Amino acid sequence: MKIRDFFLYSPKNEREFELDEESIPEEELGYEPQMNEGGAELSGNYKKDKAVLDKELGVEENGDVKLREFTLRIAERDVHCAAYFIDGLVDKDSMNDFVLRPLMLGSRKTQIRSYRDIMDVLLVQSEVKETNTLGTLTFDANYGSVILLVEGYGKAISIDAKGWEHRTVSLPETEKVLRGPNDAFNEQLRGNTALIRRLVRNKSLIVKEVAVGKISQTPVAIMYIKNVASSQLVREAERRITSINADCIFSSAELEQYIEEKSLLTLPQFMSTERPDRAARALLSGRVAVIVDGSPFALIMPTTVFELNESAEDHYLRTPYVNMIRFIRMVAFLFSLLLPGIYVAVVGFHTEMVPTDMLMSIVSARDKVPFPTLVEIIIMEIALEIIREAGVRVPAPSGTTLSIVGALILGQAAVSASIVSPVLIIVVSIAAIGSFATPNYFLGISARLLRFAYIFLGAAAGFMGIMAGLFVNAVLWTSTRSMGVPMFAPVAPITKGGVPQTLISPQIWKQDRRDDYVNPKRKFMQGFISRGWKNENR
Amino acid sequence: MKTDRRLGVISMTLLFINLSLAKYLLVLPSLIVREVGNSAWITQLLKGAAALGLFAAFAALYKPYTELGLGEVNRRALGKFFGGTLNVALSAMIIIRGAFLFRTLSEALRTLEAASASQEFMALFILVPVAICAMKGFNANADISSIIMPFTVLSVGAMAAILAPHFRFSNITPILGKGPVEIVTAAVGKFGGFFEMIFLFIFSRYISGYKTFKRSGLIGIGAIAAITAVFMLMYCATVPYPASKKFFFPLYQLSRLIMAGAFIQHLEPLVVFIWAGIVLCALTTVTLGAGELLASAAGTKDVSGFVPILAAIIFFAGELPQSEIMAYDMYRVVLNVGHYVYIAALLLILLMARGRKIEKA
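Okay, here's the thing in structure tokens:
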């Protein structure tokens, strides 16, 4: 036995089971696409092409891939046809009524003189195209089209008949508003783009579609307003998305991680929204929205830290309310980020800050607690995180039980058992509530994660430790870019006229400029005097 | 998308103010009071006026070379060897000042925050953030400064408002302190107290054009003079002379006078946030400035490679004085003498550059 073998585990050569199929060479396991790809074309020979399509679509292997063979009559002659479709992806009624019926019956009632008449006269579906590229045909079949192969035609016809089960448009889960629309995206790409187009009824709205994922071929829509969004921004978004070299993308959350600049940073670098109105507003401000098929969220790019602190409702509230709520949110975020750290720092280093009576009260409350403040707060924070994580996964009926158990453990029992002090419970609770008040869920998580760092820094060096952490945090955040735009714009770097509008929301009729840091083609969103009636009164 | 950018007037001005304010908020007011008495604030205004004139003259000489940066101008004007040597020497001077600033802050923190902790331990919380920020580059530093500066000004303003009941007009009388001659002598003799203007020349290649460079300098010097004059006035009006000569860390001492009431008894620990923020930012600028000169001497534009070495040098140089008092005294000497060297070096470089007619950027 070699020394190396003594220390390291080496699997035996003999296997307990064998895989049936031949092993795939290593080079083929890389990123070489196995499906829906390539420029291979149909030959024009019906039998050969049918055999190729049978194989490519896996008619024999796949239970859901269906083949319907029939004849149609062209120029007084019966011609063989094969219709391929995937059960579950096509709308059966639509296929029967508008594809098979016209072809099988219509061709005998109507005089069909040429192959061209199949598309021009018989097929009444809205989206029909002819192609002989194998990649396109397999993609279309997997995306709800009926592939029609006609003897002697030389090309196949792809007929759109999409119709799969999906969620209907429902209420937003994470971005609820009191005033304002209440529809949310669902998992259907076309429905989602339609929800936005319904709001932006303009020919300049562009919905560019690309397929991402070498195997999954997930349709992704890149949306922007042609004469508002910066061409450079659109190109960059498209470049990043199309350059993704992965097998599959199933959601915008995955796509986000592929195209963001710093994946290890806690700060989200794009805004995700489930609200069509918010996405539409972002498009009108010169941003790009990206929607992934199968994901009920649109990614808005670029975004900034200040936008992440905005809620969908901000645009529907009166100016004084918005500013007050924004301020409260900012305070809530800071509490959620810093409060436990500051508590540890005050108790450990800066006791002179606390009035004597209050200090005595804190000290007496901590009197029976056997742990140092740091351990005490870490216990509480971890317990809270566990309960929060459990709360996400627990079935709804068990939620009440969880909250009762959580409240009892975190509150009464922990205090009664002298594991933690009551003041600490208040601190941790305020911090936890603060993270819920943060409008962007991922910014809230970011605060939760960083909170631990601030607790340790506060315990190590008091306010100086917290300041050092804030400084590093600010450096990392300000040097981060969302599609080339600094995340702290327009404050750092300062841009013209951006700071006041970002920090204090002006009246809606004064919000005349688009954000200059997204470099929009049109600088103004509304006229200098947007309330025309004021002008008329003069 | 394009990520390299040039700084505008506001960003550059804020960075410049931040750099200068660090020393004023830490130690300088008591030093100035020692020289001129209650009229320290008048001295600041006069020094500002003198510095404005000086900067305007230097800026006019520097006009063709804004795109180059001082290190590169130096190298082209004096040649690779002599220019490089002068760059290294200037860099060393900057580092020494930075080292004393660092030592003073870490000692102050040790004294005020964690008396049981060693000064070296507190140094960790200064140098690590500074090194990280410096590694991120000049723009990151300017961005941080844009965030910190408004908070600093607001905090000092709020402090002034809260301290208003403590102001005594009698504390600033006689208005002319030790006399007009001393005021003018101190102002003219120490106008180099605005020596941080040299950083504008060092970083000029990051600034969007000569106009921005000049405006940043002029606005910056004016603002520093105004802010420090107000701060001095606040300090002198609150702390009677000659007690005002003795205060070690004026901002901290002033904050100790604030009794905030039932919820927060003392506010002075919160001053650490202002203090540390502004000094961390200033130290980053100092590190980057020294790095920029060294990079020019080495014929490269990448500063990041020098940052860890410079951070280590700042640490070890800062540790040279054996005690806090010694560090404070050495810092005072460096502050009093050092700026003449900068002004002289700057003048020499600019005259040589003009004399030898080096090619423009």
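Chains as they are written, first to last, in our numbering: chain A, 1 to 538; chain B, 1001 to 1361. Backbone N, C-alpha and C fix where the C-beta goes; we use that ideal spot for every residue, glycine too. Here the structure is a predicted model, which is why all the values come from computation and not from measurement.
Item                                                                                                                                   : Value
8 Å Cβ cutoff met for Asn1139 of chain B and Ser1296 of chain B                                                                        : no
At least 3 beta-carbon pairs within less than 8 Å: the stretch 376-387 of chain A vs the stretch 465-473 of chain A                    : no
Entirely enclosed alpha helix (DSSP H) segments - the stretch 1020-1052 of chain B, minimum 4 residues                                 : 1028-1036
Test: Met353 of chain A CB closer than 8 Å to a CB of chain B                                                                          : yes
Cut-off 6 Å between Cβ atoms - residues of its own chain near Lys1178 of chain B, not counting five sequence neighbours on either side : Val1036 and Gly1037
Ile1309 of chain B beta carbon less than 8 Å from that of Ala474 of chain A                                                            : no
Asn1141 of chain B versus B:Leu1014, B:Phe1201 and B:Ser1116, residue with shortest Cα-Cα distance                                     : B:Leu1014
Ala474 of chain A: contacting residues in chain B (beta-carbon distance under 7 Å)                                                     : Ile1144 and Ile1147
C-beta neighbour in chain B for Ile494 of chain A, strict 8 Å                                                                          : yes
Residues from the stretch 254-286 of chain A in contact with chain B, defined by Cβ distance under 9 Å                                 : none
Integer-rounded CB distance, given that Val292 of chain A should sit under 8 Å from Ile244 of chain A                                  : 11 Å between Cβ atoms; not a contact.
Chain-ordered neighbours of Met1234 of chain B on chain A, where CB pairs are closer than 7 Å                                          : Simply none; closest approach about 22 Å.
Contact the stretch 1119-1126 of chain B vs the stretch 1250-1259 of chain B: 3+ CB pairs below 8 Å                                    : no
Proximity test, Cβ basis, 8 Å: Pro422 of chain A and chain B                                                                           : no
Beta-carbon spacing of Met353 of chain A, Gln1265 of chain B below 8 Å                                                                 : yes
Contact set between the stretch 1285-1315 of chain B and chain A, restricted to residues whose Cβ is under 7 Å from the partner        : none
Validate contact between the stretch 1059-1076 of chain B and the stretch 1280-1300 of chain B using beta carbons, cut 8 Å, 3 pairs    : yes
Cβ shell of Ile362 of chain A (< 8 Å), same chain only, five flanking positions each side left out                                     : Val347, Val354, Ser421 and Val423
N-terminal and C-terminal residue of the alpha helix (DSSP H) that His1339 of chain B is part of                                       : Glu1324 to Arg1356
Backbone secondary structure at Tyr84 of chain A - three-state DSSP                                                                    : strand
Residue span of the beta strand (DSSP E) that contains Val146 of chain A, given as start and end                                       : Ser145 to Val150
Separation of Lys1136 of chain B from Tyr1062 of chain B, as counted between CA atoms                                                  : 28 Å
Reduced DSSP category for Ser94 of chain A - H, G, I as helix; E, B as strand; rest coil                                               : helix
Residue range of the unbroken beta strand (DSSP E) whose run includes Asp160 of chain A                                                : Ala156 to Asp160
Ala447 of chain A to Ile342 of chain A span [Cα, whole Å]                                                                              : 14 Å
Opening and closing residue of the beta strand (DSSP E) in which Leu539 of chain A lies                                                : This structure does not reach residue 539 of chain A, given that chain A is present from 1 up to 538, and the question cannot be answered.
Cβ neighbour criterion (16 or more within 10 Å) applied to Pro25 of chain A                                                            : With a pLDDT of 48 at Pro25 of chain A, under the threshold of 50, the predicted position of this residue should be treated as unreliable, and no value is reported.
Proximal residues of chain A, C-beta to C-beta of Lys1211 of chain B below 8 Å                                                         : Result: empty, since nearest Cβ-Cβ is about 16 Å, beyond 8 Å.
Ala461 of chain A at chain B interface by Cβ criterion, 8 Å                                                                            : yes
Own chain residues within Cβ distance below 8 Å of Ile1349 of chain B, not counting five before or after                               : Leu1070, Val1073, Asn1074, Ala1077, Leu1078 and Leu1086
Three-pair Cβ contact test at 8 Å for the stretch 1015-1031 of chain B versus the stretch 1098-1105 of chain B                         : yes
Straight-line gap, Ile1278 of chain B to Ser435 of chain A (C-alpha atoms, nearest Å)                                                  : 28 Å
Local conformation of Thr438 of chain A per DSSP, three classes                                                                        : coil
CB contact check: Phe488 of chain A to chain B, cutoff 8 Å                                                                             : yes
Counted within 10 angstroms of its Cβ, other Cβ atoms place Pro395 of chain A as buried (16 or more) or exposed                        : exposed
Identity of the residues DSSP links to Leu67 of chain A by a beta bridge                                                               : A:Tyr84
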